[in-house]
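First comes the structure, then the notes that go with it.
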Amino acid sequence: MKYKVAAVQIDSKLGEKKENLEKVLGALDTLSEKEVKLVVFPELTLTGFNCGEMFKELAEPIPGPSTEEVSKKAKEYGMYVVVGLPEKGELPGILYNAVALIGPDGKVHGVYRKSHLALYLHWDIVSEEPEIFRRGNRIEVFNTDIGRIGMLICQDSDFPETWRVLALKGAEIATFSSASPKEFAYMWYNLLTAMAYVNGFYIVAANKVGKEVFDFQGKTMEEVSFGGSLIIDPFGRILARAKEDEEDLIIAEIDTKNVFEYRWATKLLRDRRPELYGVICERD
58 MKYKVAAVQI DSKLGEKKEN LEKVLGALDT LSEKEVKLVV FPELTLTGFN CGEMFKELAE
118 PIPGPSTEEV SKKAKEYGMY VVVGLPEKGE LPGILYNAVA LIGPDGKVHG VYRKSHLALY
178 LHWDIVSEEP EIFRRGNRIE VFNTDIGRIG MLICQDSDFP ETWRVLALKG AEIATFSSAS
238 PKEFAYMWYN LLTAMAYVNG FYIVAANKVG KEVFDFQGKT MEEVSFGGSL IIDPFGRILA
298 RAKEDEEDLI IAEIDTKNVF EYRWATKLLR DRRPELYGVI CERD
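Quick note, the numbering used here runs 57 ahead of the 1-based positions in the sequence shown.
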């Protein structure tokens, strides 16, 4: 099935949920003229990344007020939309770093909760996610009328097992929502193209862009995300690449029928030897 997909990198302002939501809705308005069927936004699109204690007030259930606004646009334009936000869990006081998959029927078709939370306290980069969010415990693939879609978030990408789980569960498209800082730009392109190739699926990766200034342990910190969003085919070839250091959106046409053809050509999934990999799943 051929159709267009898009990755949108925006400069989400810390804690400014209304302003960030308006950017998301505006991007969907723009993309509606391009006949795009799947749109992917970055990690924590609606809030920014380094909100700290503010997340208590910013988090919403899914579905909730913000996803309802996105749902209206998705239904109006016949799109699937992946958008990141802090999610209120079922238990009071529990938050998740999540992405929601919203369909052209205006409904939430899936939610993924980030399963690998970043803890960086001794670098120039700072992340205290485990102090704020609970880890998600499910990696799922969702059936849609444009193909089987799996979703990952930021540090999930550093674990090749997460991508392989999506492949083994039948994903044809992996969406990747991130807020990767400039310090990781050197590996961004290599990692994502490799994961597309070894798993034989499309990757639509949206990375945040812009500077966040925040307080951490009495110090004023700065973190800059670089953008560089990508759309990659199952051979690891870059179909579209966004600019760095500025807001941008990219569009490419994909064909989910090619997933079978690429996997048939490489034989990488056929030639797996799971009987040799047991150590990967051993618990400490």
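For glycine and all other residues, C-beta sits at the position ideal for the given N, C-alpha and C.
Note that the structure is a prediction, hence the values are computed from the model and not measured.
Whole-Å CB distance - residue i paired with residue j, under 8 Å assumed
| i | j | result |
| --- | --- | --- |
| V97 | V139 | 5 Å |
| I206 | T232 | 6 Å |
| G105 | S69 | 4 Å |
| E303 | L71 | The pair is not a contact, with the Cβ atoms about 18 Å apart (cut-off 8 Å). |
| G163 | K113 | With 8 Å as the limit, G163 and K113 do not qualify as a contact, their Cβ atoms being about 28 Å apart. |
| S282 | P238 | 6 Å |
| P161 | A131 | 6 Å |
| Y319 | P291 | 4 Å |
Chain-order list of residues whose beta-carbon lies under 6 Å from that of residue i (same chain, five-residue window excluded)
| i | result |
| --- | --- |
| E125 | none |
| M58 | T313 |
| N226 | Residue identity differs from the one stated: residue 226 is Lys in this sequence, not Asn. Counting only Cβ-Cβ distances below 6 Å, and skipping sequence neighbours, we find V198. |
| L209 | T219 and F233 |
| Y169 | V156 and M208 |
Proximity to residue i [Cα-Cα], best of the options
| i | options | result |
| --- | --- | --- |
| G284 | G167, V255 and A236 | A236 |
| C108 | G335, A157 and E188 | E188 |
| T148 | L85, K129 and P118 | In the sequence on display, residue 148 carries Leu and not Thr. Residue P118 is the option with its Cα nearest to L148. |
| A74 | E92, L142 and E110 | Just to set this straight, residue 74 is Lys in the shown sequence, not Ala. Of the candidates E92, L142 and E110, the one whose C-alpha sits nearest the C-alpha of K74 is L142. |
| F241 | R329, N77, K265 and A116 | K265 |
| C211 | N194, S234 and I230 | S234 |
| S184 | S69, T323, I295 and D272 | D272 |
| V156 | G150, A116 and K70 | A116 |
| G293 | G275, K276, M278 and F258 | F258 |
| I337 | V255, Y319, R221 and P238 | R221 |
| I295 | V65, A251 and E269 | A251 |
| A84 | L101, Y319 and A63 | A63 |
| M136 | V165, E144, K276 and M111 | V165 |
| T201 | G167, E279 and L176 | G167 |
| L95 | A322, E110 and I159 | I159 |
Same chain, Cβ closer than 7 Å to residue i, five either side skipped, listed in chain order
| i | result |
| --- | --- |
| K300 | G284 |
| D213 | K171, S172, H173 and T219 |
| L78 | L103, S123 and E126 |
| A224 | N256, G257, F258 and L326 |
8 Å Cβ shell around residue i - same chain, five flanking residues per side excluded
| i | result |
| --- | --- |
| G146 | L152, Y153 and R191 |
| T87 | L306 |
| L249 | S214, F233, I260, A262, L287 and I289 |
Enumerate, from N- to C-terminal direction, the unbroken beta strand (DSSP E) stretches of 3 or more residues contained entirely within the region 236-268. 259-264
When you compare the region 303-313 with the region 244-255, are there three or more beta-carbon pairs, one atom per stretch, that lie closer than 8 Å? no
Curious, which full-length alpha helix (DSSP H) runs of at least 4 residues does the region 170-232 contain? 186-189 and 217-225
Do the region 291-300 and the region 253-271 touch if we need at least three Cβ pairs shorter than 8 Å? yes
Report yes or no: do the region 319-338 and the region 89-96 share at least 3 C-beta pairs separated by less than 8 Å? no
Which runs of the alpha helix (DSSP H), 4 residues or longer, sit entirely within the region 68-130? 74-89 and 112-115
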